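In my numbering, the protein residues as written are 85 to 199.
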């Protein structure tokens, strides 16, 4: 079992969800997050005053999958999250981590059956 965490652009969320659904991946958790990397923020103007926005809005997806679904999950995110065919700085990151245990609260099922 693996936990796939993806940080993506907010406007790409629907495309990523649709691509995951095509690959029969239906369970995910979505959170609004802020951060910065190579983009280092951006400059905006509000009521005539210019200011630097250092933390940019992103969306964090968390998807617990059995091992056979790791590649389809990662491929779906890669396909849908790019903002252009070649990709751009700020498109996001994908992290794949081992998942030690999963327990379904309702039934008490454990392991891959709980996913």
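Yeah, the Cβ is synthetic: ideal placement off N, Cα and C, and Gly gets one too.
For clarity, every value in this text was computed on a predicted model and none was experimentally measured.
If you draw a straight line from the alpha carbon of residue i to that of residue j, how long is it in whole angstroms?
| i | j | result |
| --- | --- | --- |
| residue 186 | residue 194 | 6 Å |
| residue 102 | residue 136 | 34 Å |
| residue 133 | residue 173 | 26 Å |
| residue 169 | residue 120 | 22 Å |
| residue 148 | residue 87 | 5 Å |
| residue 131 | residue 112 | 39 Å |
| residue 140 | residue 175 | 12 Å |
Could you work out which residue in the options is closest to residue i when comparing CA atoms only?
| i | options | result |
| --- | --- | --- |
| residue 178 | 154, 98, 105 | 154 |
| residue 181 | 142, 95, 150, 111 | 150 |
| residue 110 | 192, 145, 183, 138 | 145 |
Using a threshold of 8 Å, state whether the C-beta atoms of residue i and residue j are closer than that.
| i | j | result |
| --- | --- | --- |
| residue 90 | residue 199 | no |
| residue 104 | residue 167 | no |
| residue 114 | residue 97 | yes |
Classify residue i as buried or exposed, calling it buried when 16 or more other Cβ atoms lie within 10 Å of its own Cβ.
| i | result |
| --- | --- |
| residue 93 | buried |
| residue 163 | exposed |
| residue 143 | buried |
| residue 100 | buried |
From the DSSP output, read off the bridge partner residues of residue i.
| i | result |
| --- | --- |
| residue 144 | 91, 115 |
| residue 181 | 87 |
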